[in-house]
Each structure stands twice: as C-alpha cells, then as structure tokens.
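J.: Once you know that position 86 of the sequence shown is 68 in the numbering used here, the rest is easy, because the numbers rise by one and skip nothing.
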Amino acid sequence: MPKAKTRSASTNVYAVLGSDEAEVKRVAAELATQLTPPETGDFGLEVIDGVAESAEQATARITSTIEALQTLPFFGSTKVVWLKNANFLGDTPISRAASVQAALEQLSDLVENGPGSDVIFLISATEVDKRR
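#1: Whole-angstrom Cβ separation of S59 and P97, contact assumed at under 8 Å?
#2: Around the C-beta of P55, are 16 or more other C-beta atoms found within 10 angstroms, so that it is buried, or is it exposed?
#3: Between the C-alpha atoms of A40 and A34, what's the straight-line distance to the nearest angstrom?
#4: Three or more beta-carbon pairs under 8 Å between the segment 5 to 25 and the segment 60 to 76, yes or no?
#5: Would R43 be called buried (16 or more neighbouring beta carbons within 10 Å of its own) or exposed?
#6: What are the boundary residues of the alpha helix (DSSP H) that includes A79?
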C-alpha cells in the first residue's frame, strides 16, 4: 500500500509511490484534495500530467513542473503543484536520456532548496529507480 511521505519536516514536498497503480492514484487524489486550500478553487491546484512517451515529453513535463513550482499562487494563498502519474522515474530508456537526467537534476535542486512556503509539491508514480 502506498504511503504519502514528506521529504523533510521543513519542506512542502509529498510523494505517493507504490506498485499498485490504482491505490497510488487514489491516495494521491485524496492527498491533493486535502492539501488544496478550499478557498482557492481551481486556482489552488495545478496538475501536470506526468505520463511521457518520449524523452522530449518527459523533459517538457519536468520543465512545466519547475515553472509551476516557481510561479506564485493566486490571491496570496497556497497552491499545490501535482506531477501526476510520472512514468519517467524508473529505470527505462526515457529516464536514462541525458535531457531527462538534466531536467530531473534541476527539479531536484529546486525541491532541495524548497519551493517556498506557499507552494506544495506532490508527486505520484508507480515505478521509481531508488538508486537515483
């Protein structure tokens, strides 16, 4: 069963990972609903489709995520950026592409420095290469 975990106590980063795709989707959707401030409506949740068919698409998804994390939320509130169903985190030819690795490194740097107290990052995936 997947569990939502924060990266550290000082960051707003949540990861829902596991081998049961349906359960990962369910838990991540519930968490996104819980984390999104009700007063922000549709502006409080930005969902980026993490399904990529090529290295170019994966790089574009990661770049979109970085841009979303760097964009301030509307109305001075909190926003949730959800990289949903990311399929380029496992040990696959797409994930091994240099462009994907470079983009993931940029995302990792941003997450390590914290996306800001007013931005929450949620990522969901079923296949993750734990060596990275």
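Glycine residues also receive a C-beta, built at the ideal position from the N, C-alpha and C atoms.
T.: Answer, in terms of the structure:
#1: Numbered from its first residue, the sequence shown carries residue 59 at position 77. Numbered from its first residue, the sequence shown carries residue 97 at position 115. The pair is not a contact, with the Cβ atoms about 15 Å apart (cut-off 8 Å).
#2: Position 73 of the sequence shown, counted from the start, is the residue given in the question as residue 55. Buried: at least 16 other Cβ atoms inside 10 Å.
#3: Indexing the sequence shown from 1 puts residue 40 at position 58. Indexing the sequence shown from 1 puts residue 34 at position 52. Rounded to whole angstroms, A40 to A34 spans 5 Å at the Cα level.
#4: yes
#5: By one-based count along the sequence shown, residue 43 stands at place 61. Buried is the call here.
#6: Mapped onto the sequence shown, residue 79 falls at position 97. It is not in any alpha helix (DSSP H) - A79 carries neither H nor E in the DSSP assignment.
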